[in-house]
Every structure is written in C-alpha cells, then in structure tokens.
Amino acid sequence: MKNLGDYKDADDFKDNIKKRLIEQKESVRRGKIIEEIFNHIIDNIKSNVPNGMVTDRIKQINEEIDEGLKKQKINRDNYLKAINITEDKLNEEIKERAVREVKEYLIFKALEKAEKKNIEPSEDEIKKEKDNIISRYKKEEDIKKIREFFENHEGNKTLTQTIKRRKIIDLLINSAQVIEEKNTGSRGKEDIWTPDKDKARAEKKAKRLWTPG
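Numbering-wise (the UniProt record's numbering), the sequence shown opens with residue 1 and increments by one.
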C-alpha cells in the first residue's frame with residue numbers, strides 16, 4: 001500500500017508496530033532491572049578503576065559532545081549557557097559518567113571471563129540473531145548492507161558480543177530474582193525490581209555498554 005511505505009498491507013503494518021512496542025516495553029523493563037543491579041555492584045566496588053581508561057573515556061565523551069555541537073552549529077560557551085552549567089561542573093559530570101562506564105565495562109569483562117562456557121553463542125543462536133535483525137528491515141538495499149556487514153569479521157564480532165552481553169544480563173537478572181524471591185516471600189518479581197518513582201535515572205533506558213578502543 002502506497003500510504004504504508006514498505007509494508008504489504010494494513011495488517012502487516014499493525015503487526016510490525018505491535019511487535020516493536022512489545023520489544024520496547026521489554027527493553028525498558030530489562031533496562032530498569034539491570035540498572036538497579038549495576039547500581040548495587042558499582043556502589044560496592046572498593047578498588048579504583050584504571051586512570052588511563054577513565055582519561056580515554058573522558059576524551060571520547062568530550063569529542064562526542066563537540067561533534068554534536070558542531071552539527072548543530074552551536075559553540076561550547078553557548079551550550080553551557082543553554083543548559084545553565086559551568087565548564088567545571090560539566091567536566092565533573094563527564095568524569096563521573098566516564099568512571100561509571102569504565103566500571104560497567106570491567107564488570108562485564110569479569111563476568112564474561114567467569115561465565116565463558118555459559119555465554120558462548122552457538123551457530124544456531126548466531127543465525128537466529130542475524131535473522132531477527134534482518135527481519136526488521138524492509139528495503140532490499142538495507143537488507144543487503146546488513147548481510148554484508150555480518151559477513152565481515154567486525155560484523156560477526158559485534159554480533160557475538162551482543163549475544164554474550166545479553167546472556168550475561170539474563171544470568172544477572174535470573175540470579176537477582178531468585179535471591180529476592182527467597183528474601184521477600186510472596187512479593188512478585190515486578191514489585192521487586194520496579195525502581196522507585198523518585199529515582200529519575202532508573203527511568204532512562206540502559207545505556208549501550210561502552211568498550212575501549
């Protein structure tokens with residue numbers, strides 16, 4: 001149908017929208033759960049993170065900000081005025097974000113090493129993941145680009161890491177729910193892991209895991 005772009009008909013359009021809404025809802029739910037888990041782990045980490053990794057991430061964040069401002073044709077001074085913040089305060093917030101993201105990365109690497117046998121994806125899992133991603137695209141040219149990406153080493157590496165990360169998250173969520181169920185008796189899983197409404201940061205989607213390099 002012309003008014004529905006690449007969709008075959010109205011039913012195809014509605015089915016696709018429904019599928020995306022379900023995926024988004026599940027993604028937000030998982031994001032809230034994993035953020036609560038990571039908040040607890042990070043708050044209890046006593047050792048210092050490598051300064052070099054933090055410095056590299058700070059540099060990357062600043063480059064990302066500058067690139068974004070450049071695209072919008074806004075200079076840094078006007079940006080600071082617009083968000084009502086000083087350069088020192090911005091740098092402080094950037095450092096806090098960098099430290100957290102490095103900690104998240106180190107946690108994932110440690111879990112990846114400890115759970116290596118449990119998270120290594122099978123050929124069937126990799127194929128299923130590829131098919132799932134490809135199914136989200138309608139245009140032949142887009143599908144072709146995605147297939148070509150998966151055929152190269154970097155594409156396969158990215159796909160494998162995505163599956164590993166999801167498996168680690170599943171292990172964390174399942175372990176956390178089992179522990180909480182033992183401690184809370186009749187409380188439901190949703191009640192256990194729904195963050196308090198006043199925790200603004202828990203309402204945001206879980207950030208994509210930063211990786212160095």
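Beta carbons are placed, not taken as given, at the ideal position from N, Cα and C, and that holds for glycine.
None of these values were measured; they are calculated from a predicted model.
Near residue 276, what residues of its chain come up, given a Cβ to Cβ distance below 8 Å and the 5 sequence neighbours on each side ignored?
What is shown of the chain runs 1 to 213, which leaves residue 276 out entirely.
N-terminal and C-terminal residue of the alpha helix (DSSP H) that threonine 86 is part of
Your numbering for residue 86 matches position 86 in the sequence shown. Unbroken run through threonine 86: none, as it is neither H nor E.
May I have the straight-line CA-CA distance separating serine 27 from serine 122, to the nearest angstrom?
Here residue 27 refers to the residue found at position 27 when the sequence shown is read from its first residue. Here residue 122 refers to the residue found at position 122 when the sequence shown is read from its first residue. Computed Cα separation, rounded: 23 Å.
Return yes when the Cβ of arginine 100 is within less than 9 Å of the Cβ of isoleucine 61, no when it is not.
As a working mapping, residue 61 is identified with position 61 in the sequence shown. As a working mapping, residue 100 is identified with position 100 in the sequence shown. No, Cβ-Cβ distance for isoleucine 61 and arginine 100 is not below 9 Å.
With DSSP as the reference, label glutamate 115 as helix, strand or coil.
Sequence index remark: in the sequence shown, residue 115 carries index 115 (1-based). Coil.
Short Cβ contact (9 Å threshold) for arginine 30 with isoleucine 173
Taking the sequence shown and counting its residues from 1, the one referred to as residue 30 is at position 30. Taking the sequence shown and counting its residues from 1, the one referred to as residue 173 is at position 173. In this structure, isoleucine 173 lies closer than 9 Å to arginine 30 by Cβ.
Nearest-angstrom Cα separation, counted from aspartate 12 out to lysine 117
Here residue 117 refers to the residue found at position 117 when the sequence shown is read from its first residue. Here residue 12 refers to the residue found at position 12 when the sequence shown is read from its first residue. The alpha-carbon atoms of lysine 117 and aspartate 12 are separated by roughly 40 Å.
Only counting the same chain, and skipping five residues up and downstream in sequence, which positions put a Cβ closer than 8 Å to that of leucine 111?
Start at 1 with the first residue of the sequence shown, and residue 111 comes out as number 111. Same-chain partners within the cutoff: Ile168, Leu171, Leu172.
Helix, strand or coil, according to DSSP, for lysine 8 in the structure here?
The residue labelled residue 8 in the question sits at position 8 within the sequence shown. In the structure shown, lysine 8 sits in coil (DSSP, three-state: anything other than H, G, I, E or B).
Contact belief for valine 102 with arginine 136 at Cβ below 8 Å, rounded distance in angstroms:
Position 102 of the sequence shown holds residue 102. Position 136 of the sequence shown holds residue 136. Incorrect: roughly 31 Å between the Cβ atoms, too far for contact.
Using the three-state DSSP reduction, which class does lysine 59 fall into: helix, strand or coil?
Counted from its first residue, the sequence shown places residue 59 at position 59. In the structure shown, lysine 59 sits in a helix (DSSP, three-state: H, G or I).
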